[in-house]
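Notes follow once the structure below has been shown.
2 protein chains.
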Amino acid sequence: MEGLLLVVSGPSATGKGTVCRQLVNETDVELSVSATTREPRPGEVDGVDYFFMTEEEFVKTIEEDGFIEHVENFGRRYGTPLSYVKSKISSGRDIILEIDVQGAAIIKEKFPECILIFLLPPSIEELGARIRRRGTETKEKIAQRLSKAQQEIECIVNYDYYIVNNEVEQAVEDMKSIIKAEHHKLCKNVSDQIINSFKEEKTDALS
Amino acid sequence: MEGLLLVVSGPSATGKGTVCRQLVNETDVELSVSATTREPRPGEVDGVDYFFMTEEEFVKTIEEDGFIEHVENFGRRYGTPLSYVKSKISSGRDIILEIDVQGAAIIKEKFPECILIFLLPPSIEELGARIRRRGTETKEKIAQRLSKAQQEIECIVNYDYYIVNNEVEQAVEDMKSIIKAEHHKLCKNVSDQIINSFKEEKTDALS
Chain H
14 MEGLLLVVSG PSATGKGTVC RQLVNETDVE LSVSATTREP RPGEVDGVDY FFMTEEEFVK
74 TIEEDGFIEH VENFGRRYGT PLSYVKSKIS SGRDIILEID VQGAAIIKEK FPECILIFLL
134 PPSIEELGAR IRRRGTETKE KIAQRLSKAQ QEIECIVNYD YYIVNNEVEQ AVEDMKSIIK
194 AEHHKLCKNV SDQIINSFKE EKTDALS
Chain U
14 MEGLLLVVSG PSATGKGTVC RQLVNETDVE LSVSATTREP RPGEVDGVDY FFMTEEEFVK
74 TIEEDGFIEH VENFGRRYGT PLSYVKSKIS SGRDIILEID VQGAAIIKEK FPECILIFLL
134 PPSIEELGAR IRRRGTETKE KIAQRLSKAQ QEIECIVNYD YYIVNNEVEQ AVEDMKSIIK
194 AEHHKLCKNV SDQIINSFKE EKTDALS
């Protein structure tokens, strides 16, 4: 049975990272490993934290259509390697990645069988409170972030599932149910496999 | 939020009844109540066990297109009342009904938003063993039932989910996950509701 590619988006400060880390700790789901051209930090391991690439390797991989999606941030490149995702999934592992709404749309296009999950804050008010509690942003900056959150939430129409992150434990449980249900979903392939496995049994011999 | 109409099929002796009853005992899901023209047995309550109807009432309901599906068995009629299902669902209750593959196909046509779940035995061999353990059937009859089971399993292509009933507890847990996931599913309506509820909040006042 194939694994799942789970893609999680949601406004910043909604708690995507915490929810994904806890899910990975409590289940067999693995965090997807991205490729990057930035330097490894002390303790970071190639193939575990990131696939570290030179600029040349990264560009070559783009040209070979080897990324599901890729972006550039402040001169550093990040991408999701297609071959890595495919090999994980075909070996039956579920992998999860956190990405913004634009990235998620690109992944869905290239990988229609992925599961898009949108993590929502309980409310904009609560999101504002969470950002204020961090104490790192001006009043103006917070207003900007909240208005951006509202815009991002409009992209929810493209997603398969939503989860409200009221409490991390509950959000992780919701995620687990979605994953379990998806593993019980029928499609043409799975149906054919089931029908064939039951057909192989001879009823005469079994009565 | 609307409730779900869950429809469970599977070969006879797979354990549909046991799984559905346990689900109903452990959750808020309700067993759907059918209409019938047969006489109430001692202790049976109208509107709880069945909606008891006269032949005339039943035929009138058919003519008014008031059943999602209906059948006749040995001169007795059984049907799933449309208005009952609609009122349960719109009040937010999940209801479940057990039905054969033909009945399920009719329900899906009349009620496309229903969730079709196929309950499978672990194998035809195990299904045969379960029927033999009951000790009520001839060798020939068992072979017929197993061959019918294989035919029914071919209808799995029309279903949304499958569950293997290896152990009742596990099958009920799988059912719960499917229900929970379905309540987190996004469609146009749900997306619009979410977008609107977040839009109503003014970001300026909250920063």
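Quick mapping for you: the protein sequence lines, in order, are chains H and U.
Following this note's numbering, the numbering of the first sequence begins with 14 at its first residue and continues without gaps.
Following this note's numbering, the numbering of the second sequence begins with 14 at its first residue and continues without gaps.
Beta carbons are placed, not taken as given, at the ideal position from N, Cα and C, and that holds for glycine.
Which of helix, strand or coil DSSP assigns to Leu110(U): Position 97 of the second sequence holds residue 110(U). Leu110(U) falls in the strand class under three-state DSSP.
Excluding the 5 residues preceding and the 5 following Ser103(H) in the sequence, name in chain order all residues of the same chain whose CB lies nearer than 8 Å to its CB. Within the first sequence, the letter at position 90 stands for residue 103(H). Within the same chain, Ser103(H) has close Cβ partners Glu15 and Gly16.
Counting only beta-carbon separations shorter than 8 Å, does Leu199(U) have a partner in chain H? The sequence position of residue 199(U) within the second sequence is 186, counting from 1. True, the Cβ-Cβ gap to chain H drops below 8 Å.
Should Glu82(H) go down as buried or exposed, given a rule of 16 or more other Cβ atoms within 10 Å for buried? Reading the first sequence from its first residue, position 69 is the one you call residue 82(H). Burial call: buried.
Nearest to Leu36(H) (by Cα), restricted to the options Gly23(H), Leu199(H), Lys189(H) and Glu214(H): Taking the first residue of the first sequence as 1, we reach residue 36(H) at position 23. Measuring from the Cα of Leu36(H), the nearest candidate turns out to be Lys189(H).
The beta strand (DSSP E) enclosing Leu129(U), as first and last residue numbers: As a working note, residue 129(U) is residue 116 in the second sequence. Its beta strand (DSSP E) spans residues Ile128 to Leu133.
List the endpoints of the continuous beta strand (DSSP E) containing Glu82(U). Counting from 1 along the second sequence, the entry for residue 82(U) is found at position 69. Segment Phe80 to Asn86, the beta strand (DSSP E) holding Glu82(U).
Between Gln163(U) and Ile137(U), how many whole angstroms is the CB-CB distance? I'm expecting something under 8 Å. Translated into positions along the second sequence, residue 163(U) becomes position 150. Translated into positions along the second sequence, residue 137(U) becomes position 124. That belief holds up - the Cβ atoms of Gln163(U) and Ile137(U) are roughly 7 Å apart, short of 8 Å.
8 Å is my cut-off, CB to CB: does Val170(H) come that close to chain U? By 1-based counting over the first sequence, the position of residue 170(H) is 157. Chain U, which has a Cβ nearer than 8 Å to the Cβ of Val170(H), makes this yes.
Please list the partners that Leu133(U) has in chain H, where partner means a Cβ-to-Cβ separation under 9 Å. Indexing the second sequence from 1 puts residue 133(U) at position 120. Near Leu133(U) (Cβ distances below 9 Å), the residues of chain H are Ile207 and Phe211.
Does the structure place the region 191-205 of chain H close enough to the region 158-178 of chain U that three or more beta carbon pairs sit under 8 Å? yes
Which word fits Ile75(H), buried or exposed, when buried means at least 16 other C-beta atoms lie within 10 angstroms of its C-beta? Residue 75(H) sits at position 62 when you count from the first residue of the first sequence. Looking at its Cβ environment, which holds fewer than 16 other Cβ atoms inside 10 Å, Ile75(H) is exposed.
Limits of the alpha helix (DSSP H) - the one that Ala26(H) falls within: As a working note, residue 26(H) is residue 13 in the first sequence. Premise fails: Ala26(H) is in no alpha helix (DSSP H) and is neither H nor E.
Any residues in the region 175-187 of chain H with a beta carbon nearer than 7 Å to a beta carbon of chain U? Which ones, in chain order? Within the region 175-187 of chain H, the qualifying residues are Tyr175, Ile176 and Asp187.
Between Ser136(U) and chain H, is the shortest Cβ-Cβ distance under 8 Å, so that the two count as touching? Mapped onto the second sequence, residue 136(U) falls at position 123. Yes, contact with chain H.
Reduced DSSP secondary structure (H/G/I, E/B, other) of Thr49(U): Numbered from its first residue, the second sequence carries residue 49(U) at position 36. In the structure shown, Thr49(U) sits in a strand (DSSP, three-state: E or B).
With a threshold of 8 Å, are at least 3 pairs of Cβ atoms found where one atom belongs to the region 145-153 of chain U and the other to the region 39-52 of chain U? Output reads no: the region 39-52 of chain U does not touch the region 145-153 of chain U.
For Glu150(H), which option in Phe124(H), Ala26(H), Ser22(H) and Leu19(H) has the closest C-alpha, if you only look at C-alpha atoms? The sequence position of residue 150(H) within the first sequence is 137, counting from 1. The option with the nearest alpha carbon to Glu150(H) is Ala26(H).
Could you tell me whether any Cβ in chain U is nearer than 8 Å to the Cβ of Ile191(H)? Your numbering for residue 191(H) matches position 178 in the first sequence. Put simply, the CB of Ile191(H) is near chain U, with a gap under 8 Å to one of its CB atoms.
Are three or more beta carbon pairs between the region 53-66 of chain H and the region 117-130 of chain H nearer than 8 Å? No: fewer than three Cβ pairs fall under 8 Å.
Please decide whether Ala117(U) counts as near chain H, where near means a Cβ-Cβ distance under 8 Å. In the second sequence, residue 117(U) corresponds to position 104, counting from 1. Cβ-Cβ to chain H under 8 Å: no for Ala117(U).
What are the start and end residues of the alpha helix (DSSP H) that includes Phe64(H)? To locate residue 64(H), count along the first sequence from 1; it is residue 51. Looking at the DSSP string, Phe64(H) is not in any alpha helix (DSSP H); the run it does join, the beta strand (DSSP E), is Tyr63 to Phe65.
List the residues of chain H that Ser204(U) touches, going by C-beta distances under 7 Å, in chain order. Position 191 of the second sequence, counting from 1, holds the residue named residue 204(U). Per Cβ cutoff of 7 Å: Ile169 and Val170.
Can you list the residues of chain H that Asp173(U) reaches, using a CB-CB cut of under 8 Å? Translated into positions along the second sequence, residue 173(U) becomes position 160. The contacting residues are Lys198 and Leu199.
Sequence-distant residues of its chain with Cβ nearer than 8 Å to His196(U) (five each side left out): For this step, residue 196(U) is matched to residue 183 along the second sequence. Contacts found: Met14 and Leu17.
Consider the Cβ of Ile166(U): report whether some Cβ of chain H lies at a distance smaller than 8 Å. Mapped onto the second sequence, residue 166(U) falls at position 153. Chain H, which has a Cβ nearer than 8 Å to the Cβ of Ile166(U), makes this yes.
Can you give the Cα-Cα distance for Ala48(U) and Met66(U), rounded to whole angstroms? Here residue 48(U) refers to the residue found at position 35 of the second sequence. Here residue 66(U) refers to the residue found at position 53 of the second sequence. So the alpha carbons of these two residues sit roughly 7 Å apart.
Among Ser210(U), Glu213(U) and Ile192(U), whose alpha-carbon lies nearest the alpha-carbon of Arg106(U)? In the second sequence, counting from the first residue as 1, residue 106(U) sits at position 93. Among Ser210(U), Glu213(U) and Ile192(U), the Cα nearest to that of Arg106(U) is on Ile192(U).
Between the C-alpha atoms of Lys233(H) and Ile109(H), what's the straight-line distance to the nearest angstrom? Chain H is shown only over 14 to 220; residue 233(H) falls outside these bounds and no answer can be derived.
Contacts around Gly23(H), its chain only, beta-carbon distance under 8 Å, and the 5 residues preceding and following it disregarded: In the first sequence, residue 23(H) corresponds to position 10, counting from 1. Cβ neighbours of Gly23(H) beyond the five flanking positions: Lys29, Phe131, Leu132, Leu133, Pro134, Glu165 and Asn178.
For a minimum of 3 consecutive residues, which ranges assigned as the beta strand (DSSP E) are wholly contained in the region 152-187 of chain U? 174-177
Using alpha carbons as the reference points, say which of Glu139(U), Leu95(U) and Leu140(U) lies closest to Ile119(U). Within the second sequence, numbered from 1, the residue matching residue 119(U) stands at position 106. It is Leu95(U).
Buried or exposed for Asp78(U), please, with buried defined as at least 16 other CB atoms from any protein chain shown within 10 angstroms of its CB. Translated into positions along the second sequence, residue 78(U) becomes position 65. Answer is exposed; the Cβ neighbour count stays below 16.
Please report the straight-line C-alpha distance between Glu70(H) and Gly92(H), rounded to a whole angstrom. Sequence index remark: in the first sequence, residue 70(H) carries index 57 (1-based). Sequence index remark: in the first sequence, residue 92(H) carries index 79 (1-based). Rounded to whole angstroms, the gap between the alpha carbons of Glu70(H) and Gly92(H) is 12 Å.
Proximity to Glu68(U) [Cα-Cα], best of Gly88(U), Pro55(U) and Gly56(U): Against the second sequence, residue 68(U) aligns to sequence position 55. Selected option, being the one with the closest Cα: Gly88(U).
Contact with chain H by Ala194(U), beta-carbon distance below 8 Å: Along the second sequence, one-based indexing puts residue 194(U) at 181. Yes, its Cβ sits closer than 8 Å to a Cβ of chain H.
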